[in-house]
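In terms of my numbering, the sequence shown has 33 at position 32, counting the first letter as 1, and numbering is strictly consecutive.
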Amino acid sequence: MGYRKVMDYNSVHHQIYMSGVELYSGRNDGFTDWETKKELYQLKFILDAIIKDSSTFVGEEEFLKEYEQKEVWRTLKK
Numbered sequence: 002m003g004y005r006k007v008m009d010y011n012s013v014h015h016q017i018y019m020s021g022v023e024l025y026s027g028r029n030d031g032f033t034d035w036e037t038k039k040e041l042y043q044l045k046f047i048l049d050a051i052i053k054d055s056s057t058f059v060g061e062e063e064f065l066k067e068y069e070q071k072e073v074w075r076t077l078k079k
């Protein structure tokens, strides 16, 4: 079976990014921000469960290590 793209990564990424923008907007009240944050948590929980239950693949460890290094640099730059 070949590769089957079941989601539009760019669209999903953009929607999640825009939710983050909304969280930092001064136009919203705490109730609205909390609802947005809850949706992000729900996405995180389902992604964590799917990733936990999936197989490990060649190159995955290197990919995660590279991401971790980027996060360290991002934290140090603050």
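Ideal Cβ placement from N, Cα and C applies to all residues, glycine included. Note that the structure is predicted; figures quoted are calculated from it, not measured.
What residue range is occupied by the uninterrupted alpha helix (DSSP H) comprising residue i?
i	result
Y18	Y10 to L24
R75	E61 to K78
K39	G31 to D54
Assuming residue i contacts residue j (C-beta within less than 8 Å), just tell me the rounded distance between them.
i	j	result
L24	K38	6 Å
S55	L41	At roughly 21 Å, the Cβ-Cβ gap does not stay under 8 Å, so S55 and L41 are not in contact.
Short of 8 Å in beta carbon distance, which residues of its chain neighbour residue i, apart from the five on each side in sequence? Order them along the chain.
i	result
M36	It is worth fixing the name first, because residue 36 is Glu in this sequence and not Met. Taken in chain order, the list of residues that qualify is empty.
H15	none
Q70	none
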